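Inspection log for the structure reproduced underneath, given as structure tokens.
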Amino acid sequence: MTVQAGKLDHVLEIQRVTTTVSDVGQPVDDWATIATVRAERLRASFDERQKDWGDSSQATVTWCIRWIDDLRLGDRILLNGIPHDIKGIEPVGRRKELLVTTLYMK
């Protein structure tokens, strides 16, 4: 598989939790954008279920992006303002691209 520029039709922000200190000295966790990348959506699956607490829906999406160093499972992807948790990272080739699997729960 090779990344084709014309298929990278989504813009994703990769975010990581950062800890800062508030004005009163308390640690505060916040998300900071560490990279903005273009991506191709390869696969998507959607699931809606009735749970004890009400309706639940989730989407699992696999993205193909160009290689970036230091992507972690604790990071997340922001797509159109909606956060998606990174659940899997699979390198393809020799530092050419990554397959990133994300999960969005509503």
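Plus 1093 on top of the position in the sequence shown (first one is 1) and you've got the working numbering.
Virtual Cβ for every residue (Gly too), placed ideally from N, Cα, C.
All figures in this text were calculated on a predicted structure; none of them were measured in a lab.
Relative to the C-alpha of residue i, which residue among the options is closest?
| i | options | result |
| --- | --- | --- |
| D1163 | Q1097, I1107 and V1096 | I1107 |
| R1165 | L1172, A1137, L1191 and E1133 | L1191 |
| T1155 | R1136, H1177, P1184 and G1186 | R1136 |
| L1101 | R1134, N1173, A1152 and K1180 | R1134 |
| A1128 | S1115, I1161 and T1111 | I1161 |
| G1167 | Q1119, V1193 and F1139 | V1193 |
Going by the beta-carbon positions, is the gap between residue i and residue j smaller than 8 Å?
| i | j | result |
| --- | --- | --- |
| R1109 | A1098 | no |
| L1105 | I1170 | yes |
For residue i, which residues in the same chain have their Cβ closer than 7 Å to its Cβ, ignoring the five residues on either side in sequence?
| i | result |
| --- | --- |
| R1159 | V1096, V1130 and E1190 |
Per DSSP, what are the beta-bridge partners of residue i in this structure?
| i | result |
| --- | --- |
| W1156 | R1134 and V1193 |
Excluding five sequence neighbours on each side, which residues of the same chain lie with their C-beta closer than 6 Å to the C-beta of residue i?
| i | result |
| --- | --- |
| T1195 | V1154, I1170, H1177 and I1179 |
For residue i, which residues from the same chain have a beta carbon less than 8 Å from its beta carbon, with the 5 sequence-adjacent residues on both sides left out?
| i | result |
| --- | --- |
| V1114 | P1120 and V1121 |
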